[in-house]
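Protein chains in written order, with the numbering used here: chain Y, 335 to 641; chain C, 335 to 641; chain P, 335 to 641.
For each residue, glycine too, the CB sits at the ideal point set by N, CA and C.
Predicted model, so just to flag it, every value in this text is computed and none were measured.
To start, the structure under review is shown below, and the notes come after it.
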Amino acid sequence: MSPALPHQHLITLAGMPGDAMQSLFNRADRLRTPGRPQVLAGRTVVNLFFEPSTRTRVSFELAAMRLGAQIVPFDVEHSSTQKGETLLDTLRNLEAMGCDQFIVRHRENGTPGFLAEHAAAGVSIINAGDGNHAHPTQGLLDAYTILRHKPDLANCCVAIIGDVLHSRVARSDIHALQALGVGELRIAGPEALLPGRDALPGCVVHHRIDEAVRDADVVIMLRLQKERMQHALIASDADYFHNWGLDDTRLQRAHPEAIVMHPGPINRGVEIADSVADGRQSRILEQVTNGVAIRMAVMATLAGTDC
Amino acid sequence: MSPALPHQHLITLAGMPGDAMQSLFNRADRLRTPGRPQVLAGRTVVNLFFEPSTRTRVSFELAAMRLGAQIVPFDVEHSSTQKGETLLDTLRNLEAMGCDQFIVRHRENGTPGFLAEHAAAGVSIINAGDGNHAHPTQGLLDAYTILRHKPDLANCCVAIIGDVLHSRVARSDIHALQALGVGELRIAGPEALLPGRDALPGCVVHHRIDEAVRDADVVIMLRLQKERMQHALIASDADYFHNWGLDDTRLQRAHPEAIVMHPGPINRGVEIADSVADGRQSRILEQVTNGVAIRMAVMATLAGTDC
Amino acid sequence: MSPALPHQHLITLAGMPGDAMQSLFNRADRLRTPGRPQVLAGRTVVNLFFEPSTRTRVSFELAAMRLGAQIVPFDVEHSSTQKGETLLDTLRNLEAMGCDQFIVRHRENGTPGFLAEHAAAGVSIINAGDGNHAHPTQGLLDAYTILRHKPDLANCCVAIIGDVLHSRVARSDIHALQALGVGELRIAGPEALLPGRDALPGCVVHHRIDEAVRDADVVIMLRLQKERMQHALIASDADYFHNWGLDDTRLQRAHPEAIVMHPGPINRGVEIADSVADGRQSRILEQVTNGVAIRMAVMATLAGTDC
Numbered sequence: 335m336s337p338a339l340p341h342q343h344l345i346t347l348a349g350m351p352g353d354a355m356q357s358l359f360n361r362a363d364r365l366r367t368p369g370r371p372q373v374l375a376g377r378t379v380v381n382l383f384f385e386p387s388t389r390t391r392v393s394f395e396l397a398a399m400r401l402g403a404q405i406v407p408f409d410v411e412h413s414s415t416q417k418g419e420t421l422l423d424t425l426r427n428l429e430a431m432g433c434d435q436f437i438v439r440h441r442e443n444g445t446p447g448f449l450a451e452h453a454a455a456g457v458s459i460i461n462a463g464d465g466n467h468a469h470p471t472q473g474l475l476d477a478y479t480i481l482r483h484k485p486d487l488a489n490c491c492v493a494i495i496g497d498v499l500h501s502r503v504a505r506s507d508i509h510a511l512q513a514l515g516v517g518e519l520r521i522a523g524p525e526a527l528l529p530g531r532d533a534l535p536g537c538v539v540h541h542r543i544d545e546a547v548r549d550a551d552v553v554i555m556l557r558l559q560k561e562r563m564q565h566a567l568i569a570s571d572a573d574y575f576h577n578w579g580l581d582d583t584r585l586q587r588a589h590p591e592a593i594v595m596h597p598g599p600i601n602r603g604v605e606i607a608d609s610v611a612d613g614r615q616s617r618i619l620e621q622v623t624n625g626v627a628i629r630m631a632v633m634a635t636l637a638g639t640d641c
Numbered sequence: 335m336s337p338a339l340p341h342q343h344l345i346t347l348a349g350m351p352g353d354a355m356q357s358l359f360n361r362a363d364r365l366r367t368p369g370r371p372q373v374l375a376g377r378t379v380v381n382l383f384f385e386p387s388t389r390t391r392v393s394f395e396l397a398a399m400r401l402g403a404q405i406v407p408f409d410v411e412h413s414s415t416q417k418g419e420t421l422l423d424t425l426r427n428l429e430a431m432g433c434d435q436f437i438v439r440h441r442e443n444g445t446p447g448f449l450a451e452h453a454a455a456g457v458s459i460i461n462a463g464d465g466n467h468a469h470p471t472q473g474l475l476d477a478y479t480i481l482r483h484k485p486d487l488a489n490c491c492v493a494i495i496g497d498v499l500h501s502r503v504a505r506s507d508i509h510a511l512q513a514l515g516v517g518e519l520r521i522a523g524p525e526a527l528l529p530g531r532d533a534l535p536g537c538v539v540h541h542r543i544d545e546a547v548r549d550a551d552v553v554i555m556l557r558l559q560k561e562r563m564q565h566a567l568i569a570s571d572a573d574y575f576h577n578w579g580l581d582d583t584r585l586q587r588a589h590p591e592a593i594v595m596h597p598g599p600i601n602r603g604v605e606i607a608d609s610v611a612d613g614r615q616s617r618i619l620e621q622v623t624n625g626v627a628i629r630m631a632v633m634a635t636l637a638g639t640d641c
Numbered sequence: 335m336s337p338a339l340p341h342q343h344l345i346t347l348a349g350m351p352g353d354a355m356q357s358l359f360n361r362a363d364r365l366r367t368p369g370r371p372q373v374l375a376g377r378t379v380v381n382l383f384f385e386p387s388t389r390t391r392v393s394f395e396l397a398a399m400r401l402g403a404q405i406v407p408f409d410v411e412h413s414s415t416q417k418g419e420t421l422l423d424t425l426r427n428l429e430a431m432g433c434d435q436f437i438v439r440h441r442e443n444g445t446p447g448f449l450a451e452h453a454a455a456g457v458s459i460i461n462a463g464d465g466n467h468a469h470p471t472q473g474l475l476d477a478y479t480i481l482r483h484k485p486d487l488a489n490c491c492v493a494i495i496g497d498v499l500h501s502r503v504a505r506s507d508i509h510a511l512q513a514l515g516v517g518e519l520r521i522a523g524p525e526a527l528l529p530g531r532d533a534l535p536g537c538v539v540h541h542r543i544d545e546a547v548r549d550a551d552v553v554i555m556l557r558l559q560k561e562r563m564q565h566a567l568i569a570s571d572a573d574y575f576h577n578w579g580l581d582d583t584r585l586q587r588a589h590p591e592a593i594v595m596h597p598g599p600i601n602r603g604v605e606i607a608d609s610v611a612d613g614r615q616s617r618i619l620e621q622v623t624n625g626v627a628i629r630m631a632v633m634a635t636l637a638g639t640d641c
């Protein structure tokens, strides 16, 4: 077991100590340089994506490739789960074929954790997003990105804005930033899209974006899940942008050196203006770059390798 | 031409001598150990799957990867066969691009054999299952699995139970076990799902599962193809399990050291009880592991390599 | 910038000098031999195919693999473009993950060019076919194939026959052959499927296939896009074959050593007879083989490598 991760799997950031995260970040720093060691040569990584995703899937695939692993594309739609095979049988079968790591994304909370409970010794499950529960590699890459720009995290104010209720990204961001000792953590969004206060210990909740961004050092805008609108939680895109979108005027209320982040894919003109998304303070594409390095660090660590 | 396989292709086990099979098994023993030679480096393997399958497709892909081959995913649904290209033109084109081995699964009997008749010199076709005709790598891995537990095959009794009529697995198992000199081979299943006696030379046909498993050393349960029920050949899952499912009570009629096998994916509670599928005597996951080794042996042999 | 290609991208052959093409052909000659240098090791190639295609996609993938590149399969149907992400955001994100070359096929004219205008430094876009605009690697491989058989191009007569109006292949073929100094270039097809004469400078337009093939050294048959028939531009397959299909009788009007080409996939019995497609003078499968070598040359050149 590597010192960087206390478990065989990565399911959630809840309970992960800040120094374990810092150790992963140091490894990501080393692995992002060219001429990376092929520490996963001979290992097999399976992408088990039960929700459509390109960005995250490709990010994990590139991380695995660059460490020398072999990738098994597992097309869930064409799989034997069609024929009534249980999820656990699918895991057991791929384990029996010698697969080592499983990247799992699933619509339902708890599926990666369930697989982790039943995984064979030496096999790792990495949660690539389950329901609104957790997206731990996103939480890690967000914290890593913030620390590269705001190393004095204890004196840093981070605002997370948008549909917090349904966001696995927000949940993992909060766990990461609190474990690493963030100075102030603000949460803001429409009332219908905020969890109860009990679910947000240590966070300051705001009900207007202008208050939430004031003097903030980091502004993380969440993606608006369009399907929420079907449930009448949001009146319209235009209405949402009017009340909760980040444009230049609002960004000017933040610290002049504030950075803007977003987990992507962005809805331009809905939660964020083009001029902000593509502007001087945006770190959105840097998050994408950092994501590959963080995933390399996670995979290399879970594989028990030294690098 | 390697001594292990008398032909350039692997289409069926009918007519393959037992010593050719044994030679493949010896090669599988050598290839399954870590640090495998990359004997297919520089070769290109194409998966031509016209039926959905994950287990078999991934097994072949892992076998190819572990021998160092390059894999071309060929998504039949998105392919030019949409545009009216004939199957033979598809083969000719992939040959012209330098592809060396084609793994073919098709709903219709004879498709892999048809391609083999027309393949260029140096190109191999491997049948990964055609209709109810043959599934030769499954037959080989089943025989290989049996031999690892019951090396004295001449004194071994094997029972194959279920939908024999539609099963390419049963057909290939019978060919393999008879070529290797199995002591007794029993076939059992509902009358509507059994072929005529003429099609089963050398087999003992039973009409009740209790008779078929009595004192057997190996019990191979076949997958119930759910689509058979639509054709009214089976009353219901529950009815099938009641009459033909393998549960603990029935398994106790077999030899105390009998092993249980199934080609997968299993229908739990239909042809096999959970307690048997996951029990002490089950070798179902070992079959999966052995499948990769057998496919490596087949691919390495057809490529004419020494290893 | 390599001497072989004057730009960072390959979008069209319009304006490319003949000696740049010749330099690519020389490189293709070197790369097609076994034991190719892994000049793209560590590079990442993305297939961005917005139209179904197997032949071209696999050709590019094999070219990339054989140069040692890592391939990212990008399944457009499952991608975040579903979630409203713009094409440009998709490009930016994949760039941020360290992808180096993008193979782009799109239904609409100009999409690869648009991406090229916005691509980051060091990133290359390769047009794998856009609308009826251009298919530059097909144009190059066609010219390369012709030159291998008819090196004295200045004394060579090439006839391009069929649905020229909708054909990106025809357009790129014309650019390539004219840049390389072809002796005579004939264009023929049904009136409804021919562009205006202004669009065909330097070409001789014929209105009957018999005239177009007379004494020709090279006959390039274009694929009939079946969807044209829905628009009533063509009466029927049989009618098209009667008037415009290449059969043995018509081919006898060409030079006895004439070669026959087709970009594939062929519609047998529609634009070409079986006996011609599979006959002595056909170079259709050689085109396919040459396509991999040409694509290797293009990718290696755009990557700025020496080989």
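Per-residue DSSP class, three states only, for residue i
i, result
"C:R319", "The requested residue 319 of chain C does not occur in the structure, where chain C is confined to residues 335 to 641."
"C:F699", "Given a span of 335 to 641 for chain C in the structure shown, any question on residue 699 of chain C remains unanswerable."
"P:R375", "Position check: residue 375 of chain P holds Ala in this sequence, whereas Arg was assumed. It is coil, neither helix nor strand."
"C:V410", "helix"
"Y:H341", "coil"
"C:Q416", "In this predicted model, C:Q416 has a pLDDT of only 47, less than 50, meaning its place in the structure is not dependable enough to derive any value."
"C:L580", "strand"
"Y:Q472", "helix"
Limits of the alpha helix (DSSP H) - the one that residue i falls within
i, result
"P:V392", "389 to 400"
"C:N624", "618 to 636"
"C:M355", "352 to 365"
"P:V610", "608 to 611"
Local Cβ density within 10 Å of residue i, reported as buried at 16 or more and exposed below that
i, result
"C:T479", "buried"
"C:N601", "buried"
"C:K560", "exposed"
"C:E395", "buried"
"Y:E429", "buried"
"P:G579", "buried"
"Y:D476", "buried"
"P:Q404", "buried"
"P:G456", "exposed"
"P:H469", "buried"
"P:N381", "buried"
"P:A627", "buried"
"C:T445", "buried"
Boundaries of the beta strand (DSSP E) in which residue i is found, first to last residue
i, result
"P:R324", "In the structure as shown, chain P begins at 335 and stops at 641. Residue 324 of chain P is therefore absent and cannot be evaluated."
"Y:I593", "593 to 595"
Check your understanding: Taking only runs of the beta strand (DSSP E) that begin and end inside the stretch 475 to 563 of chain P, which ones reach a length of at least 3 residues, in chain order?
Key -> Along the length of the stretch 475 to 563 of chain P, whole beta strand (DSSP E) runs at least 3 residues long occupy 491 to 495, 518 to 522, 538 to 540, 552 to 555, reported in chain order.
Exercise for review: Please name the residues in the stretch 590 to 620 of chain Y whose beta-carbon is closer than 8 Å to at least one beta-carbon of chain P, in chain order.
Suggested key: For the stretch 590 to 620 of chain Y, the set of positions with a beta-carbon nearer than 8 Å to some beta-carbon of chain P reads G598, P599, I600, N601, R602, L619, E620 in chain order.
Practice item. Below 7 Å between beta carbons is the criterion; list the residues of the stretch 374 to 394 of chain P that meet it against any residue of chain Y, in chain order. Key: Along the stretch 374 to 394 of chain P, the positions whose C-beta sits under 7 Å from a C-beta of chain Y are T378, read in chain order.
**Study point:** Entirely enclosed alpha helix (DSSP H) segments - the stretch 437 to 467 of chain C, minimum 4 residues
**Key:** For the stretch 437 to 467 of chain C, the continuous alpha helix (DSSP H) assignments of 4+ residues that do not extend past its boundaries occur at 445 to 452, in sequence order.
Check your understanding: Going along the chain, which residues of the stretch 621 to 633 of chain C sit with their C-beta nearer than 7 Å to a C-beta in chain Y?
Key -> The residues in question are V622, T623, V626.
Review point. Mind listing which residues of the stretch 358 to 373 of chain P have their C-beta closer than 8 Å to chain C's C-betas, in chain order?
Key: Those would be P368, in chain order.
Exercise for review: Give the residues from the stretch 465 to 490 of chain C that approach chain P closer than 9 Å (Cβ to any Cβ), ordered along the chain.
Suggested key: If the cut-off is 9 Å between Cβ atoms, the stretch 465 to 490 of chain C has nothing near chain P.
Review point. Listed in chain order, which residues of the stretch 420 to 435 of chain Y have Cβ atoms closer than 9 Å to some Cβ of chain C?
Key: Answer set for the stretch 420 to 435 of chain Y: T420, D423, T424, R426, N427, L428, E429, A430, M431, G432, C433.
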